[in-house]
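> What follows is a single structure, and I will ask about it in a moment.
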Amino acid sequence: MTATPAPPTDSEKKLFKAAKAGDIATVQSLLAAEPALIATRDGDACTPLHYAAWKGHPELAALLLDAGADISAHNTNGHWGTTPLHGAAHGNQTAVAALLIERGADIHALNPSGRTPLQETEAHSAKAVANLLKRHGATH
1 MTATPAPPTD
11 SEKKLFKAAK
21 AGDIATVQSL
31 LAAEPALIAT
41 RDGDACTPLH
51 YAAWKGHPEL
61 AALLLDAGAD
71 ISAHNTNGHW
81 GTTPLHGAAH
91 GNQTAVAALL
101 IERGADIHAL
111 NPSGRTPLQE
121 TEAHSAKAVA
131 NLLKRHGATH
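Under the numbering used here, the sequence shown has 51 at position 51, and the numbering climbs by one with no breaks.
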């Protein structure tokens, strides 16, 4: 029998809301008070870095990475998910994708459907990120 995950704490809810909005000050404050929040995951196993990537917040993504966010974290979000780079690719978030690549994101990571970040761009006509990925060696 699988245990039901605990409901998110108020701090976790605030962190995800701030990450989605690109609210750097709130994220900094929350992480200063509770550094372990960097590993927080929601119901789809998304991290704050996933949301910063998908929503296009490069400064926040850098802050999260500097705080220890897992650049290779996999989520279970079937729409834009798997790694933060998949999220940035899906959202055509070039600045975040460039940051993630610079920091060592795997451009060949596969999602559960077997798609790479480049294939994610093709599914959503995210041409700017597709070109960036190709310049960094992505071929599929």
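Backbone N, C-alpha and C fix where the C-beta goes; we use that ideal spot for every residue, glycine too.
Between Glu-12 and Leu-37, which are expected to be in contact by the criterion C-beta below 8 Å, what is the C-beta distance as a whole number of angstroms?
As a position in the sequence shown, residue 12 is number 12, starting the count at 1. As a position in the sequence shown, residue 37 is number 37, starting the count at 1. Right, their Cβ atoms sit about 7 Å apart.
> Between Thr-94, Ala-105 and Ser-113, which lies nearest to Asn-154 when the distance is taken from Cα to Cα?
The requested residue 154 is not part of the displayed model; the chain covers only 1 to 140.
> Spatial neighbours of Gly-22 within its chain, please: C-beta separation below 6 Å, excluding the five flanking residues on both sides.
Mapped onto the sequence shown, residue 22 falls at position 22. Same-chain partners within the cutoff: His-57 and Leu-60.
> Using the C-alpha atoms, what's the distance from Ser-125 back to Ala-25?
Here the question's residue 25 lines up with position 25 in the sequence shown. Here the question's residue 125 lines up with position 125 in the sequence shown. If you take the alpha carbons of Ala-25 and Ser-125, they lie about 33 Å apart.
> Hey, Pro-117 and Ala-97: beta-carbon distance below 9 Å or not?
To locate residue 117, count along the sequence shown from 1; it is residue 117. To locate residue 97, count along the sequence shown from 1; it is residue 97. Result yes, Cβ atoms of Pro-117 and Ala-97 sit closer than 9 Å.
> Does DSSP put Leu-15 in a helix, a strand or coil?
In the sequence shown, counting from the first residue as 1, residue 15 sits at position 15. In the structure shown, Leu-15 adopts helical secondary structure according to DSSP, grouped into three states.
> Classify Thr-9 as helix, strand or coil using the three-state DSSP reduction.
The residue you call residue 9 lines up with position 9 of the sequence shown. Coil at Thr-9, not helix or strand.
> Please list the terminal residues of the continuous alpha helix (DSSP H) segment that includes Glu-120.
Numbered from its first residue, the sequence shown carries residue 120 at position 120. Counting along the chain, the alpha helix (DSSP H) containing Glu-120 begins and ends at 117-123.
> So for Ala-67, helix, strand or coil by DSSP?
What you label residue 67 is simply residue 67 of the sequence shown in a count that begins at 1. Reduced to three states, the DSSP call for Ala-67 is coil.
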